[in-house]
């Protein structure tokens, strides 16, 4: 996984940053050569076997079947249908709601990912959730957030049971990278953290809480570009504090204390807590708070942060508060974070401690975290040779005017208010997919004539 050199443009970036990158330009250039590639992810599949299918399993046959895709002219045209089979290929993992395969787009030969959302129309809750995820995937326009490149043409509504979404193909994810033996330089950590926060700033500006930020949901390609994925649990921020929000969110190790303590209302600060846990995991190469139960999870957090004040616990449920107050009074032990690794410098630990704050109202925001000096070098490296928003000319690099863009307008979820039956949502989704056709590209659809598809049925 290579990171490229960034020395030449340090002065420009330093000027943008009010001088904070000047030091980076001065004393870090001795290692601005190409960093080693991280190895391809398949070397490390044995770490996480439940996420991968074996060829010959029923699921793999299904994968090969559904990955057989053809390009498809609009029904109204009189041309014979252009049948371009997508090469049946390997499953590359599961999302919260569906399996993902790697395939080739027959229109341009590019490798892409195909996600099948199965059993979409079982009940109204499932319908709404899938429609929300679909709308989000089509709404997102940001290089650190996975978005839909295409949605396969649906069949006639009477046969419409599953949805296939095409996204960019990413070679690995942060979970695979963290558990691999590959050394991670401090430059890798900085450029990963920079991109996570850059994507999160965009999502939060859209009014969206991801609610399941974890290493496996941070996809990484061989150039170290990172994209946040899996919006199966994402939802629009609830600004009315009297409205109760569901507790069943966030993988336990990355779950913020306010959720563990049964708070009925939470904010986008829950995502920042998760990022803090991941930052520590990138530094230490092990899960920061690895507990067996939610109660133990809370105990591990208070072991590090100390016993929270009553003010910090104001939104907690009574039982959780009682549990904390019953236990011994704990002093904070934050200096232990310096022992994570030699990369846990003063700047790194300072930023980490701003993320791992018990009281969500005092936790740093994605926007403010991006202004922290620890991330200056990550920003420099990303915009010098990894991003799509800046470009090089014969006279040098031309930088974008906005390094960490936000979205306007916000994501609008009012469409959900009027959804009342499965059939109604099915019709709306069917219509939505037909409207998504981008320009004059040939639409894609599943090819039921393929041998793989027949063997699956």
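Residue numbers (full-length UniProt numbering): 1 to 457.
By construction, the Cβ of each residue, glycine as well, lies at the ideal position given by its N, Cα and C atoms.
So, for residue 355: in the same chain, excluding its five sequence neighbours on each side, which residues have a beta-carbon less than 8 Å away from its beta-carbon? 272, 273, 275, 276, 279, 363, 364, 369
Given residue 441 as reference, the closest of 315, 108, 101 once Cα atoms are compared: When only C-alpha atoms are compared, the closest one is 108.
Is residue 81 helix, strand or coil when you go by DSSP? Because residue 81 carries a pLDDT of 41, less than 50, the predicted location of this residue cannot be relied on, and no value is offered for it.
Looking at the unbroken alpha helix (DSSP H) that takes in residue 227, where does it start and where does it end? Note, residue 227: premise wrong, no alpha helix (DSSP H); beta strand (DSSP E) at 226-228.
Closest residue to residue 172 among 161, 220, 196 (Cα-Cα distance): 220
Quick check: the Cα distance between residue 386 and residue 379, rounded to an integer number of angstroms? 10 Å
Out of 347, 260, 421, 112, point me to the one whose CA is closest to residue 122's CA. Check the Cα spacing between residue 122 and each of 347, 260, 421, 112: the tightest is with 421.
DSSP three-state label for residue 445, please. strand
Whole-angstrom Cβ separation of residue 390 and residue 381, contact assumed at under 8 Å? Rounded, the Cβ-Cβ distance is 12 Å, inconsistent with contact.
Under 7 Å between C-beta atoms of residue 375 and residue 164: no
With distances taken Cα to Cα, identify the nearest neighbour of residue 332 among 307, 325, 312, 339. 307
Should residue 342 be labelled buried (16 or more other beta-carbon atoms within 10 Å of its own) or exposed? exposed
Who pairs with residue 368 in a beta bridge, going by DSSP? As DSSP reads the structure, residue 368 sits in no beta bridge.
Give a yes or no on whether the C-beta atoms belonging to residue 224 and residue 3 are separated by under 7 Å. yes
So, at 6 Å on beta carbons, what are the nonlocal neighbours of residue 313 in its own chain, with the 5 sequence-adjacent residues on each side left out? Only residues of its own chain outside the window of five on either side were considered, and among them 321 have a CB closer than 6 Å to the CB of residue 313, listed in chain order.
Does the beta-carbon distance from residue 114 to residue 166 come in below 7 Å? Against a cut-off of 7 Å, the Cβ pair of residue 166 and residue 114 comes out as a contact.
Name the residue from 111, 134, 142 whose alpha carbon lies nearest to the alpha carbon of residue 408. 142
Whole angstroms are fine: how far does the CA of residue 282 sit from the CA of residue 184? 8 Å
Alpha carbon to alpha carbon, how far is residue 116 from residue 100? Give it in angstroms, no decimals. 6 Å
Using DSSP bridges, identify the partner residues of residue 393. In the DSSP secondary-structure assignment, residue 393 is bridged to 396.
Inter-residue spacing [alpha-carbon to alpha-carbon] between residue 292 and residue 366: 29 Å
Is residue 411 near residue 208, with beta carbons less than 7 Å apart? yes
At 3 residues or longer, what runs of the beta strand (DSSP E) sit wholly inside the stretch 197-224? The stretch 197-224 contains these whole beta strand (DSSP E) runs: 218-220.
Classification of residue 324 by the beta-carbon crowding that lies within 10 angstroms, buried from 16 upward: buried
C-alpha distance - residue 299 paired with residue 259, whole-angstrom precision: 14 Å
For residue 328, count neighbouring C-beta atoms within 10 Å of its own C-beta (all shown protein chains included) and say buried if the count is 16 or more, exposed if not. exposed
Mind listing, in chain order, the continuous alpha helix (DSSP H) runs of no fewer than 4 residues lying wholly within the stretch 136-200? If we require 4 residues or more, the alpha helix (DSSP H) runs fully inside the stretch 136-200 come out as 174-179.
Within 10 angstroms of its Cβ, does residue 231 collect 16 or more other Cβ (buried), or is it exposed? Under this definition residue 231 is a buried residue.
How many Å lie between residue 102 and residue 119 at the Cα? 21 Å
State the Cα-Cα distance for the pair residue 187 and residue 251, rounded to the nearest angstrom. 27 Å
Consult DSSP for residue 235 and reduce its assignment to one of helix, strand or coil. Note: residue 235 maps to strand in three-state DSSP.
Under 7 Å, do residue 433 and residue 154 count as touching if we go by C-beta distance? Yes, they are a contact pair.
Would you mind working out which of 217, 234, 254 sits nearest residue 226, comparing C-alpha positions? 217
If we ignore side chains and look at the alpha-carbon of each, how far apart do residue 161 and residue 426 end up? 9 Å
Within 10 angstroms of the Cβ of residue 418, are there 16 or more other Cβ atoms? Answer buried if so, exposed if not. In the assembly as shown, residue 418 is an exposed residue. Its beta-carbon has fewer than 16 other beta-carbons within 10 Å.
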